[in-house]
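Enquirer: One structure follows; several queries about it will come next.
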Amino acid sequence: MSTKDFVEKDYYKVLGVPKDATDAEIKKAYRKLAREFHPDANKGDAKAEERFKEISEANDVLGDTKRRKEYDEARALFGNGGFRAGPGGAGGNFNFDLGDLFGGGAPGGGQGGAGG
Numbered sequence: 013m014s015t016k017d018f019v020e021k022d023y024y025k026v027l028g029v030p031k032d033a034t035d036a037e038i039k040k041a042y043r044k045l046a047r048e049f050h051p052d053a054n055k056g057d058a059k060a061e062e063r064f065k066e067i068s069e070a071n072d073v074l075g076d077t078k079r080r081k082e083y084d085e086a087r088a089l090f091g092n093g094g095f096r097a098g099p100g101g102a103g104g105n106f107n108f109d110l111g112d113l114f115g116g117g118a119p120g121g122g123q124g125g126a127g128g
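The numbering of the sequence shown is the numbering used here, which starts it at 13 and goes up by one.
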């Protein structure tokens, strides 16, 4: 999945929870939807299977505190459809590497930064 796809997907909407949902609310919503759309309960239904995958993906991100924080920060910075400057300028609070979310990049590679 590309960074753009990741940022544009609204995992909160997928699970039907508000952005300030607690971990327990996310878990409850995931379990309810997973039961409803599980492939074993919907044999041969490709749409239900696709929905189940989408629900699982949303839970993988929102159900993990670190990944949820990174997702929220990325959405706040990039929003839907492009870059948005954060408070005080172009940098905002972007303090993680999107490659960490997707396992991308080679060891020792990546963007150069200011030396120190």
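Glycine included, each C-beta is placed from N, C-alpha and C at the ideal position.
1) For Pro30, does the three-state DSSP call read helix, strand or coil?
2) With 16 other CB atoms within 10 Å as the buried threshold, where does Arg47 fall?
3) What span of residues does the alpha helix (DSSP H) with Lys59 cover, start to end?
4) Starting from the C-beta of Thr77, find all residues in its chain whose C-beta is less than 8 Å away, skip the five residues before and the five after it, and write them out in chain order.
5) Helix, strand or coil for Asp35, going by three-state DSSP, please let me know.
Expert: Looking at the atomic coordinates:
1) Indexing the sequence shown from 1 puts residue 30 at position 18. DSSP places Pro30 in the coil class of the three-state scheme, outside both helix and strand.
2) One-based indexing of the sequence shown puts residue 47 at position 35. Classification for Arg47: exposed.
3) As a first step, residue 59 must be located in the sequence shown, where it is residue number 47. In this chain, the alpha helix (DSSP H) harbouring Lys59 covers Ala58 to Leu74.
4) Counting from 1 along the sequence shown, the entry for residue 77 is found at position 65. Cβ-Cβ distances below 8 Å link Thr77 to Asp35 in the same chain, with the five nearest sequence neighbours on each side left out; the list follows chain order.
5) As a first step, residue 35 must be located in the sequence shown, where it is residue number 23. If DSSP states are grouped into helix, strand and coil, Asp35 belongs with the helices.
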